[in-house]
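Numbering (this note's numbering), first residue to last: 15 to 761.
Quick look at the structure:
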């Protein structure tokens, strides 16, 4: 009716661009959970001992016909259930939650907490380039008639514009074209002779160069403009020059890469930029080795008729390896030792079609993936996962969504937030005046439209006329920075990533890895501690139970109070401030863990056996061997000795299996844990004497005898402490990736 424009809806819902993004986020990866398989195997391992203990109780109990079979069966059932640590889920949750709190204080937020232990197992760390290692704000260094190389797969852009010449009323049309130099070259009619040499030279220096061109169409009618085709527009273009663009490195990029390389991680870059720029940036930040040529898998060109390896400066040209040869693997290893490798998206497509097995061997060894599409980024992470590597991906844009979802640890950087925001500034922001908060909330949606800008100008004018004391509380530039925007736009990578760093610096990756290692070590040591305690409980509930061992409710309460603080503070262990070169053991079932748990239990079993024999010698003789297992609790030498020593064993187990350096605070540095252990030991020493013994219904014992018994338990356990971890633990697989500490790193 109002002669408006008729619009046709082409796509709706999940068929739109944003809908396809949502489908990638929701359905691109299967649901991942914590180590359920290892947890079940761990419980099955303990269940074996529980079955043995239950079988012993049933066989010994049924040997006497006077015992109640139903009650024996019930006792066997209790042994089977008690061997599974009841506090295991709580302890593991406390360890993860403490890491979540620590990361939140560092402006790193996690939506999938079970992924935190994965951060301690990471083999390969992959980084996007633009916006992650370099600033997302491009700096135009200059416009010249020469310089830079992009791959031909880069999309070009053409625009037809109209303008009025002086003293003319007719429209004149002009075509403006930009794109990669090699894509624009076939369109040019006046390309200079040193065109390629110029942009290749700048590309090797790490610059990003776009070729610019134009063509005059003259005066055209509207019908003629609508009939123009892209082929006709993008032909006979006149060369205007190259625009040279640089993305400066972020201040922390070099430090982050050095720390991660030193901590035995394989570092790689996955970017959509051209190989020459990616190789240059990688050499600056330390992803590739210094003074080592970087070979790029290149298609046939003037230098070689087949696919080949070509260095950045074209000084080294090697043919493709014969993947069918017997020594193909050894030649590939020699190639990786001598050179660093860069794979392009075109090269990945070529190898996936011609020799996918060689591509699988090459992917984990490549340092740079350049000119890759978003789907190829996702495919690279999928291949690494299928090969058993634990991966981390750090990115900042929509093109990283698929890779962030596929990685075990996906880290998104919010580049809208300044990295220089301090705690003081955050506090001042929270204490801002109500008027400024209202205006921020009013315009929290992001970019202002024209109507909003008009409102803001009018509001700003009103404030300028108001009380001067209120005036400095906010200003218009502060509104434009939008540092307090809490609404994350759909195109932001943080929607897909389980970890989001509210900073543009990649330093958040180091924080995640440190917390992940601390959580992983805490989890593994809790498995060991609870396994040893469960085995002690199984022995006490079976063999000692048949001998008449019991504890009163008061004794059980005091034991829980003494040990609860130890279990609490061991879960609150903090990581060290620097990453270590040594990597933690990634799983529960390894030689070190199984051996140390078995040997420690054998020591505890031996001590309990000796104490039981000594207690039986001191106890009065009984004419009838029948022991009423369901009689009321009465103090005895056996009950007192086993209660005190078993409580001491649990305390010793906590102290002996505390890992400490190099992944988290040592026992001396963890003051709450140390104090709780000291209190528990003092409690065990003091309880058997004076009024405490009467309150707990303990038999008075000789002090020297008690200390001798505790020394007999603690001293044999010393050889099974964490120093034997190094020769017995499973070494990380990534040492085969030629990871070495950079010479420039401090020790």
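For each residue, glycine too, the CB sits at the ideal point set by N, CA and C.
No experiment lies behind these values; they were computed from the predicted model shown.
State the start and end residues of the unbroken alpha helix (DSSP H) segment that holds residue i.
i, result
"residue 420", "415-420"
"residue 705", "704-709"
"residue 324", "Unbroken run through residue 324 is the beta strand (DSSP E), 322-325; no alpha helix (DSSP H)."
"residue 130", "It is not in any alpha helix (DSSP H) - residue 130 carries neither H nor E in the DSSP assignment."
"residue 212", "209-218"
"residue 580", "567-585"
"residue 93", "83-96"
"residue 532", "521-560"
"residue 659", "651-670"
"residue 618", "605-632"
"residue 517", "Unbroken run through residue 517: none, as it is neither H nor E."
Taking DSSP's pairing of strands, which residues face residue i in a bridge?
i, result
"residue 226", "192, 255"
"residue 27", "BP columns for residue 27 are empty, so no partner."
"residue 409", "426"
"residue 185", "178"
"residue 309", "325, 355"
"residue 382", "283, 356"
"residue 75", "According to DSSP, residue 75 bridges with nothing at all."
"residue 173", "190"
"residue 202", "251"
"residue 232", "187"
"residue 148", "144, 263"
"residue 763", "No information on residue 763 is available, as it lies outside the stretch 15 to 761 that the chain covers here."
Report yes if the C-beta distance between residue i and residue j is below 8 angstroms; otherwise report no.
i, j, result
"residue 514", "residue 426", "yes"
"residue 117", "residue 509", "no"
"residue 137", "residue 405", "yes"
"residue 512", "residue 125", "yes"
"residue 394", "residue 521", "no"
"residue 216", "residue 259", "no"
"residue 629", "residue 655", "yes"
"residue 687", "residue 589", "no"
"residue 524", "residue 141", "no"
"residue 600", "residue 531", "no"
"residue 60", "residue 574", "no"
"residue 282", "residue 382", "yes"
"residue 667", "residue 691", "no"
"residue 277", "residue 542", "no"
"residue 233", "residue 185", "yes"
"residue 342", "residue 335", "yes"
"residue 763", "residue 172", "Outside the modelled stretch of the chain, which goes from 15 to 761, sits residue 763, for which no answer is possible."
"residue 375", "residue 396", "no"
Specify, as a first and last residue, the run of the beta strand (DSSP E) that residue i falls within.
i, result
"residue 273", "Element bounds for residue 273: not the beta strand (DSSP E) but the alpha helix (DSSP H), 267-276."
"residue 354", "354-358"
"residue 331", "331-333"
"residue 510", "No beta strand (DSSP E) holds residue 510; DSSP gives it neither H nor E."
"residue 123", "122-124"
"residue 141", "138-141"
Leaving out five residues on either side along the sequence, give the residues of the same chain with a beta carbon under 6 angstroms from the beta carbon of residue i.
i, result
"residue 27", "33"
"residue 251", "191, 201, 202, 227, 229"
"residue 167", "Annotation note: pLDDT 41 at residue 167 (below 50); position unreliable, no value reported."
"residue 29", "none"
"residue 536", "109, 587"
"residue 680", "674"
Spatial neighbours of residue i within its chain, please: C-beta separation below 7 angstroms, excluding the five flanking residues on both sides.
i, result
"residue 539", "671, 672, 673"
"residue 313", "321, 360"
"residue 633", "650, 651, 652"
"residue 550", "618, 660, 663"
"residue 384", "285, 287, 288, 289, 292, 356, 358"
"residue 306", "353, 354"
"residue 270", "520, 521, 523, 524"
"residue 83", "76"
"residue 300", "268, 271, 272, 275, 756"
"residue 70", "556, 557"
Counting only the same chain and skipping the five closest in sequence on each side, list residues whose C-beta sits under 8 angstroms from that of residue i.
i, result
"residue 714", "702, 703, 707"
"residue 367", "none"
"residue 92", "555"
"residue 572", "697, 701, 710"
Taking 7 angstroms as the line, does the beta carbon of residue i fall inside it for any heavy atom of the ligand ATP?
i, result
"residue 62", "Because no ligand of any kind appears in the structure shown, any question about the ligand ATP cannot be addressed here."
So within the stretch 276-303, which uninterrupted alpha helix (DSSP H) runs reach at least 4 residues, ignoring any that extend past its ends? Listed in chain order, the alpha helix (DSSP H) elements of length 4 or more contained wholly in the stretch 276-303 are 289-299.
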